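Just so we're aligned: 325 in our numbering is position 323 of the first sequence, and the numbers increase by one with no gaps anywhere. Cβ coordinates follow ideal geometry from the N, Cα and C atoms, glycine included. Computed from a predicted structure; not experimentally measured.
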Amino acid sequence: MTKKSEQGLSVKKDENFSQWYSEILDKAEVTDLRYNVKGFVVIRPWGAMTIENMYQLYEKALQKKGHKPTFFPVVIPETNFKKEASHVKGFKPEVFWLEKIKGEDRLALRPTSETAMYQMYSLWIRSHRDLPLKLYQRANVFRYETKATRPLIRAREFYWIESHDCFATKEQAEAQVQEDIQTTEQVMHQQFKIPFLPMKRPEWDKFAGATYTVASDVLMPDGKLIQQPSTHLLEQSFAKSFDIKFKDEEGKEKYVWQTCYGPAISRILASVISMHGDNSGLILPFAISPIQTILIPIYNKENKEKTLKEIEKINSALLELGIKSEIDNSEKRPGEKYHCWELKGVPFRLEIGEKELKEKTLTLHIRDLNKREELKISDLKNISKLGKEFDERLGKKAEQFMKNKIIDCKTKSDLKKVLKEKKIARTNFCSISKDGAKCAEVVEKEFNAEVRGILGNKKEKAVGNCVICNKLAKEVVYIGKSY
RNA sequence: GGGGAUGUGGGGUAGCCUGGUAGCCUUUCAGGUUUGGGACCUGACGACCCCGGUUCAAAUCCGGGCAUUCCCA
């Protein structure tokens with residue numbers, strides 16, 4: 003085995019995605035899997051800094067739409083947790099319970115925070131003037147997953163944002179669901195460059211306690227769908243259980259209408275890694291990379307001092323421009339540095355050596371294109387523009403990947419073929435209310451796939467019959483394999 | 001959900017069948033020489049997943065547990 007394959011990635015992304023994914027997490031120093039508790043991983047600085055950037059962009063978008071931050075306790079008393087019946091039923095098997103402390107209520111580690119936050123909401127909301135109330139928190143949550151866990155993809159602890167909103171009317175709450183879909187579009191798609199299908203889930207697959215759920219499905223390179231941010235119309239089920247009421251303009255007491263929204267940042271990172279990465283390692287969008295330009299000095303004894311001095315100047319200029327820039331001053335040789343930073347997915351590398359000093363230029367290496375260009379020192383200010391173009395290329399590529407994978411199906415054999423090709427089927431289906439559950443079971447048994455739902459942000463009209471039972475179809479659904 | 005495979009220094013592995021000295025590559029650390037695509041020299045640190053059983057003797061055989069990983073549905 004050559005040194006190169008020992009130190010770089012030993013598998014190709016399209017040949018063995020699972021192994022590629024595990025290896026890249028380790029070698030790019032995103033996570034360390036050796037913590038040795040099933041479903042829990044250590045997130046290392048490179049991963050944590052990326053996650054931090056993602057959090058900031060997400061929170062900024064939420065705040066712009068009127069959400070305010072909070073922090074709630076990680077523990078939820080059992081009595082609270084049990085207040086909303088269908089919520090308990092849905093989550094009960096997944097809860098980590100703390101051992102009971104004598105004389106105190108038993109405590110759950112939050113799997114999600116409705117039952118923590120809403121008891122406070124009932125204290126905070128009194129008048130229609132308190133509405134809408136739109137709060138969120140940055141939180142880690144705990145779920146006892148029984149399926150196979152995968153780092154960042156399906157873990158027993160994950161890092162997310164959950165926003166919980168209260169309104170005076172149902173219409174406002176439904177508008178919030180649409181706003182949440184827009185937020186996913188603006189952040190996950192426009193900024194992280196992860197395209198998605200907003201799927202209104204079938205009745206049998208909605209969030210425990212919700213009237214309906216719209217979840218974003220993202221396609222992974224192995225052809226499986228992964229659920230990303232989901233938004234839920236809770237209507238008044240929790241409001242009634244937690245007694246969240248307000249007096250309207252006429253002095254009438256009413257229950258609030260609620261929604262909640264949960265983007266799991268650590269899981270979105272899994273999609274970012276999987277969607278954009280290549281056989282050389284990660285490719286991080288310019289918008290979220292902890293380092294946007296890495297500067298590599300190349301020198302010999304004679305010009306070392308001069309080179310380092312010049313590179314300091316360039317680094318300062320970049321920092322001044324608001325670019326996250328760093329100099330790699332380690333004692334590794336240039337070639338090793340190239341490989342290292344390509345593995346970590348830094349968008350741009352600037353090389354500065356004798357040639358550049360002489361010509362007052364820089365050599366710019368572009369990660370996704372694996373191409374070198376000459377950049378004049380006077381053109382440093384173009385880096386942010388180049389960063390935008392960098393992200394646009396990632397976005398286009400991702401969209402193309404997704405677009406080519408949604409195939410219209412009319413028959414069971416179409417369906418079989420499409421799923422075998424690791425694609426998503428778009429097809430007529432009898433119903434996503436309870437009536438359709440039987441057909442969904444057939445899909446699961448015969449094709450090992452799931453009915454993911456209908457588009458959540460616009461209506462697609464079904465013309466024809468259900469692909470399974472052949473009765474008149476009410477819906478156009480999307481069917482795919484999933485995580 | 002079902003099935004298979006594997007646990008040996010930080011990482012990758014040999015040894016296991018046929019019980020008896022834990023070998024190799026890499027990383028890390030120290031010092032030195034180097035610096036335009038994964039450098040070299042010298043030296044050092046560091047391991048048999050856990051619990052039980054068989055045996056004079058267990059990395060090796062047996063049982064259980066835990067963990068990792070792949071495949072299928």
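Exposed unless 16 or more other CB atoms sit within 10 angstroms - verdict on Tyr37:
In the first sequence, counting from the first residue as 1, residue 37 sits at position 35. By the 10 Å Cβ count, Tyr37 comes out exposed.
Mapping DSSP to helix, strand and coil, what is Arg269?
Here residue 269 corresponds to residue number 267 of the first sequence, with the count starting at 1. In the three-state reduction of the DSSP assignment, Arg269 falls in the helix class.
Using a Cβ-Cβ cut-off of 7 Å (strictly less than) and excluding sequence neighbours within five positions of Arg145, which residues of its own chain qualify?
In the first sequence, residue 145 corresponds to position 143, counting from 1. Hits under 7 Å: Glu96, Pro113, Arg158.
In the DSSP assignment, find the alpha helix (DSSP H) that holds Cys441 and state where it starts and stops.
In the first sequence, the residue the question calls residue 441 occupies position 439. Run containing Cys441: 439-449, per the alpha helix (DSSP H) assignment.
How would you call Thr52, buried or exposed, if buried means at least 16 neighbouring beta carbons within 10 angstroms?
Position 50 of the first sequence holds residue 52. Classification for Thr52: buried.
Tell me His367's beta-bridge partners as DSSP assigns them.
Taking the first residue of the first sequence as position 1, residue 367 is located at position 365. In DSSP, His367 forms a bridge with Arg351, Arg374.
Identify, in the order they occur along the chain, each residue of the same chain with its Cβ nearer than 6 Å to the Cβ of Met119, setting aside the five sequence neighbours on each side.
Counted from its first residue, the first sequence places residue 119 at position 117. Closer than 6 Å at the Cβ level, and outside the excluded window around Met119, lie Phe74, His166.
Residue interval of the alpha helix (DSSP H) (run including Gln65)
Residue mapping note: residue 65 aligns to position 63 of the first sequence, counting from 1. Run containing Gln65: 47-66, per the alpha helix (DSSP H) assignment.
For the segment 388-404 against the segment 414-424, are there 3 or more C-beta pairs whose distance is under 8 Å?
Too few Cβ pairs lie closer than 8 Å, so no.
Exposure label - Trp22; buried when at least 16 CB within 10 Å
One-based indexing of the first sequence puts residue 22 at position 20. Counting Cβ neighbours within 10 Å, Trp22 comes out buried, since at least 16 surround it.
With a Cβ-Cβ cutoff of 8 Å, do Leu11 and Asn372 count as a contact?
Position 9 of the first sequence, counted from the first residue, corresponds to residue 11. Position 370 of the first sequence, counted from the first residue, corresponds to residue 372. For the pair Leu11 and Asn372, the CB atoms are not nearer than the 8 Å cut-off.
Helix, strand or coil: how does DSSP classify Asn384 here?
Position 382 of the first sequence, counted from the start, is the residue given in the question as residue 384. Helix, per DSSP.
Would you kindly report the start and end of the unbroken alpha helix (DSSP H) that includes Leu345?
Translated into the one-based positions of the first sequence, residue 345 becomes position 343. 336-346 is the extent of the alpha helix (DSSP H) around Leu345.
Does the distance from the CB of Cys468 to the CB of Asn430 come in under 8 Å?
Mapped onto the first sequence, residue 468 falls at position 466. Mapped onto the first sequence, residue 430 falls at position 428. In contact: Cys468 and Asn430 (Cβ atoms closer than 8 Å).
Element boundaries [alpha helix (DSSP H), containing Asn82]
Position 80 of the first sequence, counting from 1, holds the residue named residue 82. Looking at the DSSP string, the run of the alpha helix (DSSP H) that includes Asn82 is 80-83.
Report the residue from Leu135, Met201, Ile290 whose alpha carbon sits nearest the alpha carbon of Asp393.
Taking the first sequence and counting its residues from 1, one reaches residue 393 at position 391. The residue with the shortest Cα to Cα distance from Asp393 is Ile290.
Should Arg374 be labelled buried (16 or more other beta-carbon atoms within 10 Å of its own) or exposed?
Numbered from its first residue, the first sequence carries residue 374 at position 372. With fewer than 16 other Cβ atoms within 10 Å, it is exposed.
Short Cβ contact (8 Å threshold) for Pro508 with Met190:
Because the chain is modelled from 3 through 485, residue 508 falls outside the range shown and cannot be assessed.
From the DSSP output, read off the bridge partner residues of Ile155.
Residue mapping note: residue 155 aligns to position 153 of the first sequence, counting from 1. The partner list for Ile155 (beta bridge, DSSP) is empty, contrary to what the question assumes.
Leaving out five residues before and five after Lys15 in sequence, what residues of the same chain have Cβ atoms less than 7 Å from its Cβ?
Here residue 15 refers to the residue found at position 13 when the first sequence is read from its first residue. Cβ neighbours of Lys15 within its own chain (closer than 7 Å, five residues either side excluded): Trp22, Pro223, Gly279, Asp280, Asn281.
According to DSSP, is Glu205 part of a helix, a strand, or is it coil?
If you number the first sequence from 1, residue 205 lands on position 203. The answer is helix: DSSP assigns Glu205 an H, G or I state.
Between Gln294 and Phe350, which are expected to be in contact by the criterion C-beta below 8 Å, what is the C-beta distance as a whole number of angstroms?
Within the first sequence, residue 294 is the residue found at index 292, counting from 1. Within the first sequence, residue 350 is the residue found at index 348, counting from 1. For Gln294 against Phe350, the beta-carbon gap comes to about 6 Å, under 8 Å, which counts as contact.
Going by the CB atoms, is the gap between Lys91 and Ala210 shorter than 8 Å?
Numbered from 1 along the first sequence, position 208 holds the residue referred to as residue 210. Numbered from 1 along the first sequence, position 89 holds the residue referred to as residue 91. A contact, by the Cβ cut-off of 8 Å.
Reduced DSSP category for Ile228 - H, G, I as helix; E, B as strand; rest coil:
Here residue 228 is taken as the residue at index 226 of the first sequence, counted from 1. Secondary structure of Ile228 (DSSP, three-state): strand.
Within a Cβ cutoff of 7 Å, which residues of the same chain sit near Lys407, ignoring the five residues on either side of it in sequence?
Against the first sequence, residue 407 aligns to sequence position 405. Excluding sequence neighbours, Lys407 sits near Leu221, Lys425, Ile426.
If you compare alpha carbons, which of Arg395, Leu364, Leu396, Arg369 is closest to Lys383?
Position 381 of the first sequence, counted from the first residue, corresponds to residue 383. By alpha-carbon distance to Lys383, the top candidate from Arg395, Leu364, Leu396, Arg369 is Leu364.
Answer yes or no: do Leu495 and Ala30 have a C-beta to C-beta separation smaller than 8 Å?
Only positions 3 to 485 of the chain appear in this structure, which leaves residue 495 out of reach.
Buried/exposed call for Gln260, threshold 16 Cβ in 10 Å:
In the first sequence, the residue the question calls residue 260 occupies position 258. The residue is buried, with at least 16 neighbouring Cβ atoms inside 10 Å.
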